[in-house]
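Heads up: the protein sequence lines correspond to chains A and B, in order. Using this note's numbering, the first residue of the first sequence is number 27, and each one after it goes up by one. Using this note's numbering, the first residue of the second sequence is number 3, and each one after it goes up by one. Glycine included, each C-beta is placed from N, C-alpha and C at the ideal position.
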Amino acid sequence: MSKEEARIIEQVVNGNAAAFEALVESYQSRLFNSLIHSLGCPEEAEDVVQEAFVKAFSKLKTFKQNSSFYTWLYRIAINIAISRHRRKKPKSSLDEYRMSVGHEPVDESNHPSKNLDLEERAAQVQAALELLSEQHRAIIVLREIDELDYEAISELLDLPVGTVRSRLHRARNQLRTYLEQVVIEK
Amino acid sequence: MSKIVTPEMVSAFVDGELSPEDNLLVENALLADSALRDIAEGYQMLRSSLHSSSEYVASTVQLPQQFTSNIMEKIQRLSEAVGPDDHHSKSGSPVVDRVQLADQASDFSVANSKRLTTMSSVYSIRTLVEVLVATVAVVLIVLNWPTPISESGGAGQSVVNNGVISNDPVSDRKQSDVQMLSVCDGKTVRGGSKNGGGGNPISPSKTKASKTKTDVSDQSSREFSIFVDESVRPKIDRFWIMKSYEVSSPQQEPDGRVNMLLIDAKKTDAVKFFGDLEKWDPDFKCYQDSGKRTNASWLAPFDVSKISEAEGDFWKLRIVLISK
Chain A
27 MSKEEARIIE QVVNGNAAAF EALVESYQSR LFNSLIHSLG CPEEAEDVVQ
77 EAFVKAFSKL KTFKQNSSFY TWLYRIAINI AISRHRRKKP KSSLDEYRMS
127 VGHEPVDESN HPSKNLDLEE RAAQVQAALE LLSEQHRAII VLREIDELDY
177 EAISELLDLP VGTVRSRLHR ARNQLRTYLE QVVIEK
Chain B
3 MSKIVTPEMV SAFVDGELSP EDNLLVENAL LADSALRDIA EGYQMLRSSL
53 HSSSEYVAST VQLPQQFTSN IMEKIQRLSE AVGPDDHHSK SGSPVVDRVQ
103 LADQASDFSV ANSKRLTTMS SVYSIRTLVE VLVATVAVVL IVLNWPTPIS
153 ESGGAGQSVV NNGVISNDPV SDRKQSDVQM LSVCDGKTVR GGSKNGGGGN
203 PISPSKTKAS KTKTDVSDQS SREFSIFVDE SVRPKIDRFW IMKSYEVSSP
253 QQEPDGRVNM LLIDAKKTDA VKFFGDLEKW DPDFKCYQDS GKRTNASWLA
303 PFDVSKISEA EGDFWKLRIV LISK
């Protein structure tokens, strides 16, 4: 954990709640992006991110600082995602979410084919991710989206490093198979 | 004896997570073996796909502009009411707010198998309606049920504990399970093991309230009653939540423990669930509605090995949690 982060945390613990904003701004996008891939729904990811930060603030005094703040925050977010009872409703698409938060849909007029390719590819990847088991999806997202190393993943998921390595290997093989299937179906 | 380079090692090599010795070993192996090179290339292409997807999503899907200020407002309110290191208000009395409820309700770690409490559950109108319907169903079934649960089993009758036929008197522990079954759905389970051998089907319930939402003559849906060890509840919750399902809990013990979960699931998800459930609790029991064209559904032991052949696109799963 960086000294700057440690300093901010100390300020917050000592009563300066406003200092927490720096941590929110530092990690909200990263956490949001990661959770979109884990949860498959940007609306849900937004709710979880918000709740994770609020909970992190309330529990900041218990943070032992033996991992990075982001790792600790991510673990809180995963726990929230697991413990929430979500309505069984269709997940919002990326475009629906963009409209709901006031952003325009992706403008494909400049490079229509390129944007379409990227969007289609992103949709295929997400579809393949959702076919993975929860365990495999979590580890793939942590490694490939969040770019955490094996040590951080093992701490976050409470697994031995060897298990992280073997599970990641299996998850990759599975994802590759599903991606091929998704591409073929399209 | 030289170490063999495996695809798993190649995967770790691509991540830069090998020891220097193993790293050198894999590098040399990649030079010599085209099959291993193909594997490494495959992992790198997969990574490239995931990265480009992630970058695309990150560039096109952003949080609302006021997201940070919304969070800080909540935090400010929280710190004014509670304080960062004190869960009591300034007046000294405990302040119950959403975060505290979330703390109490979701003190759950990824590796921890503690059960969720229902304190933080927010019941939707749909859930309340289900609770009402389930309560009416139980009352009507209990009032109309012709044969009470027999502690010793009468002549020609079998008593089932967790789906296993037994002619022995029900023990105290088993009795509580049987009572729980009658509380949960008002039906006595009389049948064989989960492999569907032997036993008589459940007598039809004669109440309208036990009718499934879709008519039993409508084969587009199925109902399954699943009896599992309550210790696997966290895994069950995690499974359905990660698939974005709502799990309702219409039944509750006096001490607040939940003893039944209801899920309306797509068949594909339900089949996956059964597969995982077999690993979590190999002794779980499963019963299905008969699908017969009667006015009420009744339960029969179901062979889980044939789950994927069951009809219907949407299945109603009634998961009964039992303390074993």
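Asked: Contact between the segment 36-55 of chain B and the segment 151-166 of chain A (3+ Cβ pairs under 8 angstroms); Found: yes
Asked: Residue 252/B - DSSP class collapsed to helix/strand/coil; Found: strand
Asked: Segments of 4+ residues assigned as alpha helix (DSSP H) that fall wholly inside the segment 53-92 of chain A; Found: 68-84
Asked: Status (buried if at least 16 other CB within 10 Å, exposed otherwise) for residue 68/B; Found: exposed
Asked: Bridge-paired residues (DSSP) for residue 226/B; Found: 290/B, 319/B
Asked: Check whether residue 283/B and residue 230/B have beta carbons under 8 angstroms apart; Found: yes
Asked: heavy atom of the ligand COA below 7 angstroms from residue 59/B C-beta; Found: Absent from the structure shown: the ligand COA. Ligands present: none.
Asked: Spatial neighbours of residue 50/A in its chain, beta-carbon cut-off 6 angstroms, leaving aside the 5 residues before and after; Found: 79
Asked: Counted within 10 angstroms of its Cβ, other Cβ atoms place residue 110/A as buried (16 or more) or exposed; Found: buried
Asked: Exposure label - residue 175/B; buried when at least 16 CB within 10 Å; Found: Residue placement at residue 175/B cannot be trusted, given a pLDDT of 45 that sits under 50; what the coordinates show is reported in the next sentence. The residue in question, residue 175/B, is exposed, as its Cβ has fewer than 16 Cβ neighbours within 10 Å.
Asked: Below-8 angstroms beta-carbon distance, residue 5/B vs any chain A residue; Found: no
Asked: Cutoff 8 angstroms; reference residue 243/B; Cβ partners in own chain excluding five residues on either side; Found: 249
Asked: Local Cβ density within 10 Å of residue 70/A, reported as buried at 16 or more and exposed below that; Found: buried
Asked: Beta bridge counterpart(s) of residue 17/B as assigned by DSSP; Found: Answer is none; residue 17/B lacks a bridge partner.
Asked: Separation of residue 224/B from residue 81/B, as counted between CA atoms; Found: 50 angstroms
Asked: Contact with chain B by residue 28/A, beta-carbon distance below 8 angstroms; Found: no
Asked: Where the beta strand (DSSP E) containing residue 1/B begins and where it ends; Found: Given that chain B is displayed from residue 3 to residue 326, the structure contains no residue 1/B and the question cannot be resolved.
Asked: Local conformation of residue 303/B per DSSP, three classes; Found: strand
Asked: Contact check, residue 164/A vs residue 64/A, beta carbons under 8 angstroms; Found: yes
Asked: Beta-carbon spacing of residue 19/B, residue 100/A below 8 angstroms; Found: no
Asked: Contact residues within the segment 42-67 of chain B, judged by C-beta distance below 8 angstroms to chain A; Found: 44, 45, 48, 49, 51, 52, 53, 54, 55, 56, 58, 59, 60, 62, 63, 64, 65, 66, 67
Asked: C-beta atoms of residue 51/B and residue 194/A nearer than 8 angstroms; Found: no
Asked: Cβ neighbours of residue 46/B in the same chain (closer than 8 angstroms, five flanking residues each side left out); Found: 16
Asked: Any C-beta of chain A under 8 angstroms from that of residue 72/B; Found: yes
Asked: Collapsed DSSP secondary structure at residue 102/A in the structure displayed; Found: helix
Asked: Within 8 angstroms of chain B by C-beta, residues of the segment 66-79 of chain A in sequence order; Found: 66, 67, 68, 70, 72, 75, 76, 77, 79
Asked: Local Cβ density within 10 Å of residue 40/A, reported as buried at 16 or more and exposed below that; Found: exposed
Asked: Contact set between the segment 90-112 of chain A and chain B, restricted to residues whose Cβ is under 9 angstroms from the partner; Found: 101, 104, 105, 106, 107, 108, 109, 110, 111, 112
Asked: Chain-ordered neighbours of residue 310/B on chain A, where CB pairs are closer than 8 angstroms; Found: Ordered by position in chain A, no residue passes the 8 angstroms Cβ test against residue 310/B, which lies about 16 angstroms from the chain.
Asked: CA nearest to the CA of residue 277/B, picked from 306/B, 138/B, 140/B; Found: 306/B
Asked: Identity of the residues DSSP links to residue 324/B by a beta bridge; Found: 231/B
Asked: Length of the line joining the Cα atoms of residue 63/B and residue 252/B; Found: 37 angstroms
Asked: Residue 43/A vs residue 34/A beta-carbon contact at 8 angstroms; Found: no
Asked: Under 8 angstroms between C-beta atoms of residue 288/B and residue 275/B; Found: no
Asked: Beta-carbon proximity check, residue 322/B vs residue 238/B, cutoff 8 angstroms; Found: no
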